[in-house]
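Below is one structure; the comments refer to it alone.
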Amino acid sequence: MNIKFYLYILIVLALTSCGSSKSSKKEAAIMESAPSWVKERPINNAYYIGIAKISKITYPDNYRDVSKKKALTDLASEISVNIQSNSIVSSYEDQTGFQSEFSNYIQMEMSKDLSGYQMQGSFESDEMYMVYYRLSKAKWQQILAERKKVAADKAYSLYAQGQKEEKSLNYPAAIKTYLNALLELKKYWNEEVFHSINGEQKRLDLAIRTALIDILTNFRLEVQPIIIAMNMNNHFKSIVKASVINKQGQLLNGFPIRLYYRKQSMPYQATIYSEKQALNIPIESIQYRAKGLFVSLEIDIDQVLPIKSEDKRLLKFISNAYTENIVKVQVNYILPKIFISSVDDENTNYHYVGDAVKQALGKQSFQITSNSKEADLLFNIKIHESIGTTDTKIKTAFIVYSIDVKDYRNANTIYTFSSPKYKGVDYSVDAAKEKAFVKAASEISESSFKDMLQSIIK
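Take the sequence shown: its position 363, counted from the start at 1, is 372 in my numbering, and no numbers get skipped.
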């Protein structure tokens, strides 16, 4: 059995080897009759040349399309990209390979936009397919010149429009228009681009770049005041005035101004747009902090200068022209003065609650006054005591307290609170009462009346 199996394998291998040998000989014979460009790459200084060889086995259904694409990529690689010494790209500090990256970009764009090429021949066998394209260098230069002129005409039209928008103080529109004008010339940043400007042939690429950089450095955000106070008199609300102005002091409209701060317990963010008069921006419900509290405002430059992600690096020399202009408005909270009433000093245990309340309010920077006429808020505490079991050795006592806070100016209640029942247990009623008071005082100290603070400043 084993001998028959091995004999079968040997026969199959022999037949396969024979078939492979015949196939190789056939392929060699076909190659022998192939045109010269298949055997040796042509050299012709008047043409760019692209040749591709594709396996039919690997690409059985689309080998012709694949071979054409590869041949044109090969052809494009022969077209060198030169960065002229006085071009926009050359002025970029090439510390991180920007010029090399831009050259690769141009090379890639040429591969996609090639035209004027001609197929010079194709050759195939059972296993492979080859194709040969070439493009006249003179023809290609003519095509580039025509494309460049079309791009320059479009760019100039946008540049002229941007100048009108800038003159009418529509800076946001002018910036976008100048940016689009510059992008029209993107494929020619490595060379000079001339156009008729005011009747003279001038560098259009430089004119657009200069206009864009100049306008980006000719506006800033102005906010007044830069310190605001939040207190009972203004109901813990304030207003800041914001405007965008140019170096000539003219107010500019249409700029997105981003406003952000912490509103109560959540981050708050809004975008408003500048007008030809200062905006009144209400500031309210800011989460309290004793110090280091700010409202931030800035021009949203990503909206003003909307650069696509693929262009960010190429346009870095433009975006770097804008100096970030974040304005921080300092917020100073002045918390109300509080007069605490109705804590019975004659009761030996009441001081626990009274002291705890004063301590908790002090943690939040409330001012405690002993003169009710000086107070902004009247803080009234009521305590109710009750006795539990008394007929056993172990005695129990309970207390509950309530808080009522009124605005001294109008007697309006702004905060109320009723506590749970606190239980004290000891061998005497007085000791049990004291323990109940201590428990209540401990919880008051930990609470710091944060909810009351939010009720006051909301």
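Beta carbons are placed, not taken as given, at the ideal position from N, Cα and C, and that holds for glycine.
The residue among Lys432, Lys402, His360 and Asp364 with its C-alpha nearest the C-alpha of Glu394 is Lys432. The alpha-carbon separation between Glu87 and Ile290 amounts to approximately 60 Å.
When the five nearest sequence neighbours on each side are left out, the beta carbons in the same chain lying within less than 7 Å of the beta carbon of Ser99 are those of Ile92 and Gln93, in order along the chain.
Between Ile60 and Asp83, the CB-CB gap stays under 8 Å. Here Gln172 has Ala183 and Ala220 as same chain residues with Cβ atoms under 8 Å from its own Cβ, once five neighbours each way along the sequence are excluded.
Here DSSP, grouped into helix, strand and coil, assigns Met461 to helix. Taking C-alpha positions only, Asp435 is separated from Lys367 by approximately 27 Å. Along the segment 313-360, the beta strand (DSSP E) occurs as fully enclosed runs of 3 or more residues at 335-342 and 346-350, listed in sequence order. With respect to the C-alpha of Val338, the residue from Met128, Arg229 and Val249 having the closest C-alpha is Val249. For Pro276, the uninterrupted beta strand (DSSP E) segment begins and ends at Met275 to Tyr282. The beta carbon of Gly263 is closer than 8 Å to those of Asn179, Tyr180, Pro181, Ala182, Tyr282 and Ser283 in its chain, skipping five residues each way along the sequence. A direct Cα-to-Cα measurement between Ala147 and Gly125 gives close to 10 Å. Contact check for Ala169 and Leu213: beta-carbon distance about 11 Å, past the 8 Å limit, so the pair fails to qualify. If you draw a straight line from the Cα of Ala449 to the Cα of Val438, it comes to about 17 Å. Bridge partners of Tyr138 according to DSSP: Ile63 and Glu133. At a Cβ-Cβ threshold of 8 Å, Ile308 and Pro265 count as neighbours. Residue burial is scored here from C-beta neighbours: Gly363 has at least 16 other C-beta atoms within 10 angstroms and is therefore classed as buried. Per DSSP, reduced to three states, the secondary structure at Phe303 is strand. The alpha-carbon of Asp400 is positioned some 54 Å away from that of His244. Classified as buried, Ser76 has 16 or more neighbouring CB atoms from the shown chains inside 10 Å of its CB.
Taking C-alpha positions only, Tyr297 is separated from Leu370 by approximately 14 Å. Judged by their CB atoms, Thr405 and Ala441 are nearer to each other than the 8 Å cut-off. Under the three-state reduction of DSSP output, Arg143 falls in the strand class. Contact annotation, Tyr417 with Leu462: C-beta distance approximately 17 Å; criterion of less than 8 Å not satisfied.
For Leu268, the beta-bridge partners assigned by DSSP are Ala279 and Leu306. Less than 8 Å divides the Cβ of Ala251 from the Cβ of Ala287. A contact between stretches requires three or more CB pairs, one per stretch, nearer than 8 Å, and the segment 55-71 fails this requirement with the segment 111-118. In this model, Gln376 and Ile347 are separated by some 6 Å (Cα to Cα). Leaving aside the five residues that flank Tyr56 on each side, the residues in its chain whose CB is nearer than 8 Å to its CB run, in chain order, Arg143, Leu144, Ser145 and Lys146. Around Leu194, the same chain offers Ala160, Ala161, Ala164, Val202, Leu213, Asp214 and Ile217 as residues with beta carbons nearer than 8 Å, after the five sequence neighbours per side are excluded.
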